[in-house]
Amino acid sequence: MSKRYKAPSMSRRLLYLGAVPSIVMFVALMGFFTSARLDDAQRDLSDTHQLLADSLAPSLEYTVVSGNTSALQDILSGSVRSSKANWIRVIDVAGEQVGMASAGGATPAPKADGFQVYEAEILQKPVTLGDHNQKTLWFQPEQGMGQGVLRVGMVQVGVSNNVLDERRNEIFWSSVAMGLFLLVCTIVVIKYTLKPVLSPIKAVSGRIGRLIEGDYQVNTVNQRGNTREIIAIEQQLNELAQHLENLRASRDQTLAVSEQARDKAESASNAKSDFLATMSQELRIPLTGVLAMIDQTEQEPLSQEQQQHLQTARQSTEDLLTVISDILDYASLDSDGLIREYQPFNLRTLITNCVASYRHVAEKHKLTLRLQFYGDWPEVPLVSGDGPRIRQIIAFLIDNAIKFTSNEMVSVEVGCLGVDDNGLWLRCAISDSGSGLAHEQVTDVVSNEEQSASDETHRTYNSGMGLSLVQRLVELLGGRVQVDTGPGKSASFCFELPLKHVSQKDSV
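The sequence shown begins at 1 in UniProt numbering and counts up by one.
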């Protein structure tokens with residue numbers, strides 16, 4: 001895993017901004033001045049020892065001509081000691097060495113390798129005696145030289161290359177030391193200069209951090225020592241802090257009002273729940289009496305048609321009791337307080353009875369209520385589930401289809417899908433032949449908030465639940481709901497539920 005990038009601080013960047021040009025300038029100037037000093041040192045060393053050779057040549061004329069080697073050696077030794085030359089030697093016109101002196105005291109002739117050699121000729125000049133107008137020449141050559149200068153030898157001054165190298169090293173390291181000293185001083189000055197620039201920026205950063213933490217106190221703007229930009233930023237931060245403080249006060253006020261409204265809503269909800277509990281109990285009593293009368297009537301001799309009507313009346317009364325119970329169940333859905341009862345029941349019989357309870361209503365509106373089973377149904381379709389809830393869902397969808405259909409028929413198609421040892425999937429689709437609804441109208445129609453004029457006579461056949469409750473019940477049972485409708489198109493409400501298949505032996 002790559003490490004998180006850590007951005008450099010502004011002080012470091014500004015330090016780089018000031019130090020990098022200084023370093024570049026330092027290197028350039030140090031290279032220039034060091035090169036100039038090295039050239040001067042080499043030129044000074046060359047001029048000094050060439051001057052030494054030039055000055056020795058006249059002084060050695062007599063000693064060479066007279067052959068006074070002792071005096072010659074003394075002059076050479078003194079010159080070596082008083083200079084940086086490694087050796088000095090004198091040779092005659094024949095190339096023979098007449099005298100030599102070295103810094104180490106050695107007398108053998110040195111090699112030219114590793115040495116800078118500076119030479120000067122030793123010349124014998126005529127000596128003028130007597131009157132200025134009458135010249136008498138001494139030591140006049142006899143070999144046809146006339147009155148010219150006579151070359152009697154050469155003096156050589158040898159200087160080791162190490163002397164120049166030592167001088168170069170001395171110049172280089174002294175330049176480096178001085179340059180580093182100046183560079184450090186420059187960095188210190190830059191850092192000291194950056195301090196008053198960075199301090200206000202750090203203060204602004206800290207102020208923003210306090211604003212994030214909720215400290216909206218307005219601070220006094222320091223006009224001295226700050227730039228115009230920093231002063232403007234601090235003033236804007238004060239305005240922002242004031243604005244945030246006003247927003248917090250407004251939010252607290254809104255929250256207080258919301259708390260009061262929530263308390264009132266909770267009180268109203270509790271009162272509504274108490275009222276619904278009382279009313280549901282009051283409604284259950286007469287409906288229980290109706291069921292008792294139905295039971296008593298069933299004991300009397302009745303025709304088959306009367307028994308079917310009585311069975312339908314019983315089932316409708318039980319559905320009404322279920323709806324009354326759902327009034328309380330709807331409020332408990334959000335808190336997952338709806339009680340689900342899983343008991344074995346015959347799925348096919350439950351659906352048949354539920355559809356039969358609406359045949360009379362469909363016939364009253366001159367509609368055909370058609371029930372069709374398809375798929376691989378077990379021989380005995382016993383399943384374990386919440387039968388009353390499934391019947392309640394189917395009853396609402398049938399009632400809703402009758403409500404929004406003005407002609408032809410309502411179709412109930414029930415399929416058994418994916419049957420195995422563990423369970424099956426129930427797929428139930430209730431379709432009508434009405435004019436259809438726009439997608440955005442589906443929720444409103446099911447909630448009895450908007451209907452077309454042709455549906456006004458069907459308002460009383462709604463079971464009291466909205467499609468939202470059906471959807472929540474289906475999802476609570478582990479299924480899903482689909483709606484297929486549109487303007488000028490019949491509406492089809494379909495839901496799928498997983499159910500556990502049980503055998504007759506398990507149901508006993």
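Built from N, CA and C at the ideal position, the CB exists for glycine as well. A quick note: this is a predicted structure, and the numbers were derived from the prediction, not measured.
Beta-carbon proximity of Leu-350 to Val-410, cut-off 7 Å: It is not a contact, given that the beta carbons lie outside the stated cut-off.
Burial state of Arg-480 (16 or more Cβ within 10 Å)
In this structure Arg-480 is exposed. Its beta-carbon is surrounded by fewer than 16 other beta-carbon atoms within 10 angstroms.
Quiz item: Pro-344 lies in the beta strand (DSSP E); which residues open and close that run?
Solution: Start and end: 343 to 346.
In whole angstroms, what separates the C-alpha of Arg-43 from that of Leu-164? Their Cα atoms are separated by approximately 10 Å.
Using the beta-carbon count (16 or more within 10 Å), is Val-93 buried or exposed? By the 10 Å Cβ count, Val-93 comes out exposed.
With a 10 Å radius around its C-beta and 16 neighbouring C-beta atoms as the bar for buried, classify Ala-106 as buried or exposed. Legend: pLDDT at Ala-106 = 48, less than 50; position of this residue unreliable, value from coordinates given subsequently. So Ala-106 ends up on the exposed side.
Local conformation of Arg-314 per DSSP, three classes: Correct three-state label for Arg-314: helix.
Open item on the list: Quick check on Val-157: does DSSP put it in helix, strand or coil?
Closed with: Assignment of Val-157 by DSSP, reduced to helix, strand and coil, places it in the strand class.
message: Taking only three categories from DSSP, how would you classify Trp-425?
response: Trp-425: strand per DSSP, three-state reduction.
Just how far apart, CA to CA, sit Glu-450 and Ile-390?
Caution applies to Glu-450, whose pLDDT of 40 falls short of 50 and renders its modelled position unreliable; the value that the coordinates give is listed next. Whole-angstrom Cα-Cα distance: 26 Å.
Self-check item: Neighbourhood of Ala-101 by C-beta distance below 6 Å, restricted to the same chain and skipping five residues each side
Solution: By the criterion of a C-beta distance shorter than 6 Å, Ala-101 is surrounded in its chain by Leu-76, Ser-77, Val-80, Ile-88, once the five residues flanking it on both sides are discounted.
Report task. Report yes if the CB atom of Ala-313 is closer than 7 Å to the CB atom of Ile-285, and no otherwise. Result -> No, the Cβ-Cβ distance between Ala-313 and Ile-285 is not below 7 Å.
Q) Secondary structure at Gln-124, three-state DSSP: helix, strand or coil? A) When secondary structure is reduced to three states using DSSP, Gln-124 falls in the strand class.
Next item on the list: Taking Thr-227 as the reference, give the member of Leu-255, Arg-251, Ser-46, Pro-200 with the closest Cα.
Entry: When only C-alpha atoms are compared, the closest one is Pro-200.
ask   = Going straight from the alpha carbon of Leu-182 to that of Ser-55, what length do you get?
value = Near 43 Å, if we compare the C-alpha coordinates of Ser-55 and Leu-182.
(request) Look up Ala-94 in the DSSP assignment and say whether it is helix, strand or coil. (result) Coil.
Discussion item. Tell me the residue span of the beta strand (DSSP E) that contains Tyr-216.
Written reply: Going by DSSP, Tyr-216 is part of no beta strand (DSSP E) at all; its letter is neither H nor E.
> The alpha helix (DSSP H) spanning Tyr-62 covers which residue range?
Replying inline: Unbroken alpha helix (DSSP H) run through Tyr-62: 61 to 66.
| What does DSSP give as the partner residues of His-501 in its beta bridges? | Answer is Val-383.
(request) Rounded to whole angstroms, what's the CA-CA distance from Leu-499 to Pro-378? Just pull it up for me. (result) Here the alpha carbon of Leu-499 sits roughly 13 Å from the alpha carbon of Pro-378.
Q. Expressed to the nearest angstrom, what Euclidean distance is found between the alpha-carbon atoms of Lys-364 and Ala-356?
A. Approximately 14 Å, taken between the alpha carbons.
Exercise. Nearest to Gly-418 by alpha carbon, out of His-360, Leu-497, Ser-384, Ser-431?
Worked result: Per the Cα distances, Leu-497.
Practice item. Following the continuous beta strand (DSSP E) through Ser-77, name the residue where it begins and the one where it ends. Key: Segment 69 to 81 is the alpha helix (DSSP H) holding Ser-77; no beta strand (DSSP E) there.
State buried or exposed for Pro-141, treating a residue as buried only when at least 16 other CB atoms are found within 10 Å of its CB. Reliability of the predicted coordinates at Pro-141 is poor, the pLDDT of 48 falling under 50, and no value is obtained from them.
- What residues in its chain sit with their C-beta under 8 Å from that of Ser-82, if we drop five residues either side in the sequence? No residues qualify anywhere along the chain.
message: Please classify Ser-490 as buried or exposed, where buried requires at least 16 neighbouring CB atoms within 10 angstroms.
response: Residue environment for Ser-490: buried (at least 16 other C-beta atoms within 10 angstroms of its C-beta).
- prompt: Where Ala-85 and Lys-125 are concerned, what is the direct C-alpha to C-alpha distance, given to the nearest angstrom?
  reply: Pairing Ala-85 with Lys-125, the inter-Cα distance amounts to about 27 Å.
Note to self: Pop quiz: Gly-387 and Gln-343 are said to be a contact at Cβ under 8 Å. What is the actual Cβ separation, rounded to whole angstroms?
What the structure shows: Confirmed, Cβ separation roughly 7 Å.
- Query: Which class does Tyr-118 belong to by DSSP, given the choice of helix, strand or coil?
  - Reply: If DSSP states are grouped into helix, strand and coil, Tyr-118 belongs with the strands.
Buried or exposed, going by whether 16 or more other CB atoms sit within 10 Å of the CB of Ser-250? With fewer than 16 other CB atoms across the displayed protein chains lying within 10 angstroms of its CB, Ser-250 is exposed.
- Please report how far the alpha carbon of Thr-48 lies from the alpha carbon of Ile-187, in whole angstroms. So the alpha carbons of these two residues sit roughly 41 Å apart.
task: Give the straight-line distance between the Cα atoms of Asp-319 and Phe-495, rounded to the nearest whole angstrom.
output: In a straight line, the C-alpha of Asp-319 is about 20 Å away from that of Phe-495.
(message) Using 7 Å as the threshold, is the C-beta distance between Asp-432 and Phe-404 below it?
(response) For Asp-432 and Phe-404, yes; Cβs fall inside 7 Å.
Inset, instruction - Indicate the three-state DSSP secondary structure (helix, strand or coil) for Trp-87 in the structure shown. - result: In this structure, Trp-87 counts as strand in the three-state DSSP scheme.
For residue 582, list the residues DSSP reports as bridge partners. The question about residue 582 has no answer here: the residues shown for the chain are numbered 1 through 508.
Determine the extent of the beta strand (DSSP E) in which Arg-472 is found, giving its start and end residues. From DSSP, Arg-472 is part of no beta strand (DSSP E) but of the alpha helix (DSSP H) over 467 to 476.
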